[in-house]
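Numbering (the working numbering), first residue to last: 0 to 152.
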C-alpha cells in the first residue's frame with residue numbers, strides 16, 4: 000500500500016485521535032499536525048507535535064510528538080514510522096534542534112526504531128497529575144513507566 004504525508008488541521012487530528020487512539024484523548028494544543036493517507040486519499044494516521052510537556056525540556060529548541068495514531072483495523076503498515084520521520088523533518092525545517100516522544104512500558108517502539116529514533120531515558124511510573132492543591136481527573140495513563148525517545152541527530 001502506498002502512503003503519503005498530507006496536511007491536517009488540529010481539529011482533523013483531534014477527531015482522528017478521538018476515534019482511534021488506544022489510551023489518550025486529543026492534546027490541548029499543537030505547533031503542527033501531519034497526516035498519512037493511502038492511495039485512495041483516506042486518512043490512516045496522524046501525528047500531533049507541540050511544546051514539550053516536561054517543563055525542563057521546554058527550552059525553545061525542543062518539540063514533542065504528543066500523539067501518533069493510526070487506523071488500527073485496516074492493517075496499514077509503516078504509517079507510524081512515516082509520521083515520526085515526517086515530524087522530525089518538519090521540526091528541523093522550522094529550526095528546532097530536538098524532537099522527543101514517549102512510549103509506555105510494554106510498547107515495543109518498533110515504529111520509532113524504524114524511523115531512526117533512540118531511547119535516551121527510562122522514566123519511572125508517576126503518581127499522576129493530580130495534587131491536593133490542583134485535583135485532576137485520571138485518564139488511565141497514570142502509574143505507568145515510560146521511555147523517552149529522541150529523533151535522530
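C-beta: ideal position from N, C-alpha, C; glycine also.
Over the uninterrupted alpha helix (DSSP H) stretch that includes residue 148, give me the two end residues.
-> Counting along the chain, residue 148 falls outside any alpha helix (DSSP H), though it belongs to the beta strand (DSSP E) covering 145-149.
### Query
I think residue 102 touches residue 108, with their Cβ atoms under 8 angstroms apart; what is that distance to the nearest whole Å?
5 angstroms
Have a look at residue 3 and residue 130 and give me their C-alpha separation to the nearest angstrom. Approximately 43 angstroms between the Cα atoms of the pair.
Cutting at 6 angstroms between CB atoms, please list the residues of its own chain near residue 51, excluding the five before and the five after it. 57, 61, 63
**Prompt:** What number of angstroms, rounded off, separates the C-alpha of residue 23 from the C-alpha of residue 16?
**Reply:** 8 angstroms
Q: Report the three-state DSSP secondary structure of residue 130 (helix, strand or coil).
A: strand
Is residue 31 helix, strand or coil by DSSP? In the structure shown, residue 31 adopts extended strand secondary structure according to DSSP, grouped into three states.
Worksheet item: What are the start and end residues of the alpha helix (DSSP H) that includes residue 11?
Response: For residue 11, the enclosing alpha helix (DSSP H) begins and ends at 9-19.
Beta-carbon within less than 8 angstroms of residue 29's beta-carbon, same chain only, minus the 5 sequence neighbours each way: which residues are those? 9, 12, 47, 48, 49, 65
Does DSSP classify residue 42 as helix, strand or coil?
Taken through DSSP and simplified to helix, strand or coil, residue 42 comes out as strand.
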